[in-house]
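*Asks:*
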Amino acid sequence: MPTLRVNGRKVTVEEDVYLLEACRAAGAEVPTLCNFDGLEPWGGCRLCVVDMSLAKWDDDWFKMVTACNHPVEEGMTVITDSERVLATRRVVLDLLLARCPETPLIQQLAREQGIEETSYELNPEPTDCILCGLCTRVCDHIGVSAIASTDRGWGREIAPPFNEPPPDCIGCLACAEICPTDHIKFTNSNIRRTIWGKEFEMLRDPKTGEAVITRAQAEHFAARSGVPKSYFETSDKSKRLELAKTFEKLQVVK
Amino acid sequence: MRIESKDQFDALRTEAKKLEDSHKRKILVCCGTGCLATGAKEVAESFAKEIEERGLDVEVGLGVKSTGCHGFCERGPLVVFQPEGLLYTKVQAKRVPEIIEKTILGEELIPGLLYKNPADNERIPAYEEIPFYKNQVRVAMRNIGRIDPTDLMDAIAHDAYTGVAKALFEMTPDEVLDEVEVSGQRGRGGAGFYTARKWRSCKAAPGDRRFVLCNGDEGDPGAFKDRSIMEGDPHSVLEGMIIGACALGAHEGFIYVRDEYPLAVVNLQVAIVEARKLGLLGENIMGSGFDFDIQISRGGGAFVCGESSALMRSLAGKTGEPRAKYVHSTEKGLFDLPTVLNNVETWAGIGAIIHHGGAWFAAMGTKKSKGTKAFSLVGKVKNTGLIELPMGTTLRHIIFDIGGGVLKDRPFKAVQTGGPSGGCIPEDLLDLPVDYEKLTEAGSMMGSGGMIVMDDRTCMVDVARYFLGFLTEESCGKCTPCREGLKQMLAIYDALIEGRGREGDIEKIEALANGMQLGSLCELGKSAPNPVLSTLKYFRSEYEAHIRDRACPAGICRELTAFEIMDDCDGCHVCFKACPTEAIEGTIKELHVIHQDLCISCGACLDVCPTDSIRTLPKIELASREVV
Chain A
0 MPTLRVNGRK
10 VTVEEDVYLL
20 EACRAAGAEV
30 PTLCNFDGLE
40 PWGGCRLCVV
50 DMSLAKWDDD
60 WFKMVTACNH
70 PVEEGMTVIT
80 DSERVLATRR
90 VVLDLLLARC
100 PETPLIQQLA
110 REQGIEETSY
120 ELNPEPTDCI
130 LCGLCTRVCD
140 HIGVSAIAST
150 DRGWGREIAP
160 PFNEPPPDCI
170 GCLACAEICP
180 TDHIKFTNSN
190 IRRTIWGKEF
200 EMLRDPKTGE
210 AVITRAQAEH
220 FAARSGVPKS
230 YFETSDKSKR
240 LELAKTFEKL
250 QVVK
Chain B
0 MRIESKDQFD
10 ALRTEAKKLE
20 DSHKRKILVC
30 CGTGCLATGA
40 KEVAESFAKE
50 IEERGLDVEV
60 GLGVKSTGCH
70 GFCERGPLVV
80 FQPEGLLYTK
90 VQAKRVPEII
100 EKTILGEELI
110 PGLLYKNPAD
120 NERIPAYEEI
130 PFYKNQVRVA
140 MRNIGRIDPT
150 DLMDAIAHDA
160 YTGVAKALFE
170 MTPDEVLDEV
180 EVSGQRGRGG
190 AGFYTARKWR
200 SCKAAPGDRR
210 FVLCNGDEGD
220 PGAFKDRSIM
230 EGDPHSVLEG
240 MIIGACALGA
250 HEGFIYVRDE
260 YPLAVVNLQV
270 AIVEARKLGL
280 LGENIMGSGF
290 DFDIQISRGG
300 GAFVCGESSA
310 LMRSLAGKTG
320 EPRAKYVHST
330 EKGLFDLPTV
340 LNNVETWAGI
350 GAIIHHGGAW
360 FAAMGTKKSK
370 GTKAFSLVGK
380 VKNTGLIELP
390 MGTTLRHIIF
400 DIGGGVLKDR
410 PFKAVQTGGP
420 SGGCIPEDLL
430 DLPVDYEKLT
440 EAGSMMGSGG
450 MIVMDDRTCM
460 VDVARYFLGF
470 LTEESCGKCT
480 PCREGLKQML
490 AIYDALIEGR
500 GREGDIEKIE
510 ALANGMQLGS
520 LCELGKSAPN
530 PVLSTLKYFR
540 SEYEAHIRDR
550 ACPAGICREL
560 TAFEIMDDCD
570 GCHVCFKACP
580 TEAIEGTIKE
590 LHVIHQDLCI
600 SCGACLDVCP
610 TDSIRTLPKI
620 ELASREVV
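Residue numbers (numbering that gives the first Met the number 0), protein chains in the order written: chain A, 0 to 253; chain B, 0 to 627.
#1: Which residue from ASP127/A, VAL48/A, VAL10/A, LEU85/A puts its Cα closest to that of GLU263/A?
#2: By Cβ distance below 8 angstroms, which residues in the same chain neighbour ARG223/A in space, the five residues on each side in sequence not counted?
#3: Quick one: measure Cβ to Cβ for ASP225/B and GLU344/B, integer angstroms, because I've assumed they're closer than 8 angstroms.
#4: Is GLN294/B helix, strand or coil by DSSP?
#5: Could you name the residues of chain B that ARG155/A contacts, counting a contact when the two beta carbons are closer than 7 angstroms?
#6: So, for GLU19/B: in the same chain, excluding its five sequence neighbours on each side, which residues have a beta-carbon less than 6 angstroms away from its beta-carbon?
#7: Quick one: does LYS487/B have its CB under 8 angstroms from some CB of chain A?
#8: Restricting to Cα atoms, I'd like to know which of GLN112/A, CYS138/A, TRP195/A is closest to LEU94/A.
#9: Identify the contact partners of CYS44/A in chain B, using a Cβ-Cβ distance below 9 angstroms as the criterion.
#10: Between THR87/A and chain B, is there a C-beta pair that is closer than 8 angstroms?
#11: Quick one: give me the first and last residue of the beta strand (DSSP E) that THR65/A is part of.
#12: So, using beta-carbon positions, are TYR255/B and SER296/B closer together than 8 angstroms?
#13: Is the Cβ of ALA97/A closer than 8 angstroms to any Cβ of chain B?
#14: On the three-state DSSP scale, how would you describe ASN34/A?
#15: Would you say THR65/A faces chain B, with C-beta separation under 8 angstroms as the test?
#16: For the stretch 435-490 of chain B, list the alpha helix (DSSP H) runs that are entirely contained and at least 4 residues long, ordered along the chain.
#17: Does ARG151/A get closer than 8 angstroms to chain B when you measure Cβ to Cβ?
#18: I'd like the span of the beta strand (DSSP E) that includes MET51/A, first residue to last.
#19: Can you confirm whether ARG136/A, when its beta carbon is compared against all beta carbons of chain B, has any partner nearer than 8 angstroms?
#20: Can you name the start and end residues of the alpha helix (DSSP H) that THR79/A belongs to?
#21: Kindly give me the distance between the Cβ atoms of CYS423/B and SER533/B, rounded to whole angstroms, as I take these residues to be in contact under 8 angstroms.
#22: Along chain B, in chain order, which residues have C-beta atoms closer than 7 angstroms to that of ASN68/A?
#23: Residues of the stretch 494-505 of chain B with a CB closer than 8 angstroms to any CB of chain A: list them in chain order, please.
#24: For ASP310/B, collect the residues of the same chain with a Cβ closer than 8 angstroms to its Cβ; drop the 5 residues on either side in sequence, then sort them by chain order.
#25: Hey, TYR556/B and ALA582/B: beta-carbon distance below 8 angstroms or not?
#26: Can you pull the chain B neighbours of ARG83/A, defined as C-beta to C-beta under 7 angstroms?
#27: Identify whether ASN382/B lies in helix, strand or coil by the three-state DSSP scheme.
#28: What are the start and end residues of each continuous beta strand (DSSP E) run of 3 or more residues lying completely inside the stretch 74-158 of chain A, in chain order?
#29: For GLU116/A, go through chain B and note every residue whose CB falls closer than 8 angstroms to its CB, in chain order.
#30: Is it right to say LYS244/A is buried, meaning 16 or more other beta carbons lie within 10 angstroms of its own, or is it exposed?
#31: Please list, in chain order, the residues of the stretch 13-47 of chain A that have any C-beta partner in chain B closer than 7 angstroms.
#32: Taking DSSP as the reference, what is the three-state secondary structure of SER375/B?
#33: Measure how close the beta-carbons of CYS608/B and CYS574/B come, nearest whole angstrom, since I'm counting them as under 8 angstroms.
#34: Is ALA36/B buried or exposed, if buried means 16 or more other CB atoms sit within 10 Å of its CB?
#35: Please tell me whether LEU243/B and TRP198/B are closer than 8 angstroms, where the distance is taken between their beta carbons.
#36: What are the residues that DSSP puts in a beta bridge with LYS197/A?
Written out as structure tokens, the structure reads:
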């Protein structure tokens, strides 16, 4: 297990983790917007930049890397708050604040870096989307890939194909739930759910009557996992009630 | 027929050379993209027709060949006559009968078609004597212009695939690697990583399956060297890749070409099919037992797909976006398997390195940058075109001796090297020997070898803005500093050239550039501030003039510049005709005037004025004069 030095503090981590984990283990705060445990690191937001030096390099030679996707190595030295790291982070947040001036999360992160107002030209059409790619990546991860990024550069957007209701979407809401700025909107009722302009039928728990899952999602999960569809239709409350009944039976036996 | 042994290959080569020699006289018509655009196809067809009609092929052993780019695109269509080595420029199809009559049958030169040296107005008949060609040393482009790219036998007659034969039958894979290491060749795509080091790193990676890729996604504005190589000598690329695959033990190769290069795609495809037929590619190459095949993948033309990790993703059918390269592609590249990706020019040089030996290559160039390098010389220079020179040649030699100097003999201002991510090098660095290190030290880079010459009628703020505009369009948008930073940088530049610049803008540009250099994911974003920083470094006063004086010293930025006709105007009326908005008034032989309310500051009048009687001045100065 490699041992690293983060901000002067020694920390030992597992072989196959990334720098971000080592930084966190050492108690160093490294902000990130596009990283999510359980998804492959992406390295897009560039907030988690740190200064890193390998054991074999000269002592004063540091390279700036993103902590989220750089593998750890024995004897590494990491500095998470060097002047140029902070300066770069400030530029990134300043730019994001110009893009999303009304987004509370970005306002807060910027404020933490001492930025109250952006020094750049304000986005004439403020958006909450920071293009962190979490939504598309989680959608890929689930095996659906209903949405993707379209266009490139400044014109980049997250959208379903041809901006029409995505045929592959199963209405699982993973994209909306993972979105750090709540940019992805949806409506939910006991009967139906809409997201990305597509309407979904909700399956209700046969016993409690509460909406549990969209039909499309239950079918998708059942097909992929081999678990019967009825399992996904059962609400948590229902499952707990079922479990409680088992305990009741146990008492009777006693 | 399939070649089954080295002896058979040698026999074929002898036969090919004999075939080549059977034509005592040859006409080589340049059919590169530039010449094709000016009518080279018709020229070649007329020659072929004339030869057939007059039976000259039998009578005087005359043959005509459509070759790849001769490089001197400025003067196209180009026709070379062999064995005399005579060059005719700007040849049109209608003059073909005359050429046959006079030059071929009558042994008489047509002066109007000869190259005129702009330095002394002398006509130079011999190809080899023209400064543009005389000073070149061609390695990667060794056969371009000499062979018909669609004719494999022609290529073999000019030593194509001899490197493959040598590598397969006379050398072990490790010896091939050693030879490449001795050559000291570095990647010609721009970054300049040592070829041998890259190969060794891939070879050391675990696994049985590995790939050899060719990067033909050249996308820099003004660069066309890879295009010319793929179009004019596709076999040199295939040869290099086969040798590389042999050294690495790879059996699959891909050439990633942008779809905007249709001729390159066709010629490569023809070359691959022909080479497969002869057993030079595919299973059991030349009977050696070594298998290697190449496929072409056509790119959609995104600039960022020239970046290695984006290229590999695009090749694998995913969105062409870069990834962090903390794990090198030599270990985890295409399909997460060990991969070597080299530029077209790099591969094209490998065959020659193996054929002539690494030491031969290393004898050329500078201490750290060996061999020769191809450059696309464009912009305000007399002889534009494609050139190949030993590393370490000075910029002055390239621009003034080979390029013939600045167009219209205007003062030289700067040369932009390395494509959109390169930088501008000013006049006092003209004696800089061109190699990887020296260009980087000067704040520019080798890049893909584009060289754009600029004269005094160039505003450096405007130049930086142009490249920023290109990169803003081409950024993939994955990472924040590049996507948002480029757009914001462009906004600042738009303000500068429109006269809305403010004190503090320069510092803001510098801080943003620094953040982009340090924070961006791939080289596109990291190097995007280069044009900004290099122009700031060498031409800071121009920025200051734009901000403080609301003036564009070069007289280019329209919002800041007014034009005025001076008293020495002789009334030639040329500007009157050139003005697109009819803002100029005046009768012939009398002083003309520009009506400022109609003038759009395009500068067309200044460019055409034969007596240099039109000058630029800041609009603000004109306005203050009117108030007085």
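Backbone N, C-alpha and C define an ideal beta-carbon position, used for all residues, glycine too.
*Replies:* In this structure, then:
#1: Here chain A has residues from 0 to 253 only, and residue 263/A is not among them.
#2: GLY142
#3: 6 angstroms
#4: strand
#5: GLY476, ARG482
#6: ALA156
#7: The residue you asked about is not Lys; residue 487/B is Gln in the sequence shown. Closer than 8 angstroms: yes.
#8: GLN112/A
#9: CYS478, THR479
#10: Yes, its Cβ sits closer than 8 angstroms to a Cβ of chain B.
#11: 62-65
#12: yes
#13: yes
#14: coil
#15: yes
#16: 435-440, 459-473
#17: At least one C-beta of chain B is nearer than 8 angstroms to the C-beta of ARG151/A.
#18: 48-52
#19: no
#20: From DSSP, THR79/A is part of no alpha helix (DSSP H); its letter is neither H nor E.
#21: 5 angstroms
#22: Correct list: ALA323, TYR325.
#23: none
#24: The question names Asp, yet the displayed sequence has Leu at residue 310/B. Counting only Cβ-Cβ distances below 8 angstroms, and skipping sequence neighbours, we find LEU212, ASN214, ASP216, TYR255, GLY298, CYS304, GLY319, LEU340.
#25: A small correction: the amino acid at residue 556/B is Cys; Tyr does not occupy that position in the sequence shown. Not a contact, by the Cβ cut-off of 8 angstroms.
#26: LEU517
#27: coil
#28: 76-78, 147-149, 156-158
#29: By Cβ distance, chain B contributes nothing, its closest Cβ being about 14 angstroms from GLU116/A, past 8 angstroms.
#30: exposed
#31: Flagged, chain order: GLY42, GLY43, CYS44, ARG45.
#32: For SER375/B, the secondary structure class from DSSP, reduced to helix, strand or coil, is strand.
#33: 6 angstroms
#34: Its Cβ having fewer than 16 others within 10 Å, ALA36/B is exposed.
#35: Here residue 243/B turns out to be Gly, not Leu, going by the sequence shown. Yes; because the gap between Cβ atoms is below 8 angstroms, this pair is in contact.
#36: ILE194/A
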